[in-house]
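*Asks:* If you scroll down you'll find the structure; I have some questions about it.
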Amino acid sequence: MIDILEHINAVQREVSRTGETVTVLMRRTYRAEPTEVWGALTDPERMARWFMPVSGDLKVGGSFQLQGNAGGEILECDPPKRFKVTFGGPTSLLELRLLPGAGSSTDLELEHSMDGAPAPGGAGALWVGPGWDGGLLGLALYVTGELPPDADPTAMANSAEVIKYNEQCVRAWIDAVRASGTTTEEDLLSAAKTSMAQFAPDAEL
Numbered sequence: 105m106i107d108i109l110e111h112i113n114a115v116q117r118e119v120s121r122t123g124e125t126v127t128v129l130m131r132r133t134y135r136a137e138p139t140e141v142w143g144a145l146t147d148p149e150r151m152a153r154w155f156m157p158v159s160g161d162l163k164v165g166g167s168f169q170l171q172g173n174a175g176g177e178i179l180e181c182d183p184p185k186r187f188k189v190t191f192g193g194p195t196s197l198l199e200l201r202l203l204p205g206a207g208s209s210t211d212l213e214l215e216h217s218m219d220g221a222p223a224p225g226g227a228g229a230l231w232v233g234p235g236w237d238g239g240l241l242g243l244a245l246y247v248t249g250e251l252p253p254d255a256d257p258t259a260m261a262n263s264a265e266v267i268k269y270n271e272q273c274v275r276a277w278i279d280a281v282r283a284s285g286t287t288t289e290e291d292l293l294s295a296a297k298t299s300m301a302q303f304a305p306d307a308e309l
């Protein structure tokens with residue numbers, strides 16, 4: 105069983121806006137060494153166990169494609185500290201940074217900047233934030249050994265338990281966007297309805 109509240113509270117969520125560029129920033133600590141987290145994030149065989157299959161020329165200057173999802177170009181890579189890629193388009197930039205934490209832990213920062221976000225102002229965070237929450241959850245379960253070897257990430261993502269988690273993630277992002285002051289309440293609620301319909305279809309705002 106997933107402790108939904110524990111995993112929701114394990115993530116720090118921030119939204120900022122500069123002109124038409126909206127940035128989502130997420131932070132979470134993992135109970136694993138940076139090299140272990142880095143391997144889980146970059147090894148195609150390991151990624152398929154907790155996230156989704158990836159293909160491509162996985163080096164700087166190469167490209168990647170997530171099965172059934174976005175692809176992009178690999179812009180920078182400094183193992184085991186950080187990598188930066190385009191994600192779904194040239195003006196959508198994703199950067200992951202890994203820092204040694206207390207003991208044998210790793211502090212992970214995920215930053216996703218979108219130029220001309222799919223919703224007005226900071227409301228665009230509601231299109232991507234809950235999805236990244238799901239990824240950070242899967243990574244946490246994987247590096248702590250809580251995922252069984254035969255786990256199917258797709259089936260897990262569609263489980264009732266994870267959909268409940270998604271609902272709380274959307275609500276957490278509503279709070280983060282509202283706190284950022286980067287969009288109107290009208291646009292925020294409109295994006296929230298779209299986000300909830302995608303990530304937790306049976307939930308109501």
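Here the sequence shown is numbered in the numbering used here, starting from 105 and rising by one per residue. Glycine is no exception: its CB is placed at the ideal position from the N, C-alpha and C atoms. Computed from a predicted model, the values in this text were never measured in an experiment.
1. Run through DSSP, which three-state label would residue 133 get?
2. Please report the distance separating the alpha-carbon of residue 225 from that of residue 170.
3. On the CB-based measure, 16 or more other CB atoms within 10 Å of its CB, does residue 165 come out buried or exposed?
4. Might you give, ordered along the chain, the residues of its own chain that have their beta carbon closer than 7 Å to the beta carbon of residue 140, omitting 5 neighbours on each side?
5. Might you give, ordered along the chain, the residues of its own chain that have their beta carbon closer than 8 Å to the beta carbon of residue 262, omitting 5 neighbours on each side?
6. Within its chain, find whatever has a CB closer than 8 Å to the CB of residue 304; leave out the 5 residues flanking it on each side and keep chain order.
7. Thinking C-alpha only, which one of 194, 120, 126, 106 is nearest residue 284?
8. Assuming residue 145 and residue 200 are in contact, meaning their beta carbons sit under 8 Å apart, how far apart are those beta carbons, in whole angstroms?
9. Between the stretch 121 to 139 and the stretch 208 to 226, are three or more C-beta pairs nearer than 8 Å?
10. Thinking just about the alpha-carbon of each residue, which of 223, 196, 107, 244 is nearest to the one in residue 151?
11. Along the beta strand (DSSP E) that carries residue 178, what are the first and last residues, could you check?
12. Just list the beta strand (DSSP E) runs in the stretch 205 to 292, keeping only unbroken ones of 3 residues or longer that don't cross its boundaries, in chain order.
13. With DSSP run on the structure shown, which of helix, strand or coil describes residue 116?
14. How many Å lie between residue 173 and residue 207 at the Cα?
15. Name the DSSP beta bridge partners of residue 196, please?
16. Below 8 Å CB to CB, which residues in the same chain sit around residue 186 once its five sequence neighbours on both sides are set aside?
17. Tell me which same chain residues have a C-beta within less than 6 Å of the C-beta of residue 157, skipping the five on either side of it?
18. For residue 134, which option in 242, 289, 253 has the closest C-alpha, if you only look at C-alpha atoms?
19. Pull up the CB-CB distance for residue 265 and residue 106, whole angstroms please, since I reckon it's below 8 Å.
20. Which residues in the same chain as residue 115 place their Cβ atom closer than 8 Å to its Cβ, once the five residues preceding and following it in sequence are excluded?
*Replies:* Taking the coordinates as given:
1. In this structure, residue 133 counts as strand in the three-state DSSP scheme.
2. Rounded to the nearest whole angstrom, the C-alpha separation of residue 225 and residue 170 is 27 Å.
3. Result: exposed.
4. 247.
5. Beyond the five residues adjoining it in sequence on each side, residue 262 comes within less than 8 Å, by CB distance, of no other residue in the same chain.
6. Correct list, in chain order: 267, 268, 270, 271, 274.
7. Measuring from the Cα of residue 284, the nearest candidate turns out to be 120.
8. Indeed they touch by this definition, with Cβ atoms about 6 Å apart.
9. Taking 8 Å as the limit for Cβ pairs, the verdict is that the stretch 208 to 226 does touch the stretch 121 to 139.
10. For the residues 223, 196, 107, 244, the minimum Cα distance to residue 151 belongs to 244.
11. Start and end: 175 to 182.
12. For the stretch 205 to 292, whole beta strand (DSSP E) runs of length 3 or above, ordered along the chain, are 210 to 219.
13. Residue 116: strand per DSSP, three-state reduction.
14. Cα to Cα, residue 173 sits roughly 35 Å from residue 207.
15. Answer is 218.
16. Excluding the 5 residues flanking it on each side, residue 186 has same chain C-beta neighbours closer than 8 Å at 180, 199, 200, 201, 202, in chain order.
17. Correct list, in chain order: 171.
18. Ranking 242, 289, 253 by Cα distance to residue 134 puts 242 first.
19. Taking a contact as a CB-CB distance under 8 Å, the pair residue 265 and residue 106 counts as one, their CB atoms being some 5 Å apart.
20. Excluding residues within five positions, the ones whose Cβ falls inside 8 Å are 130, 131, 132, 237, 240, 276.
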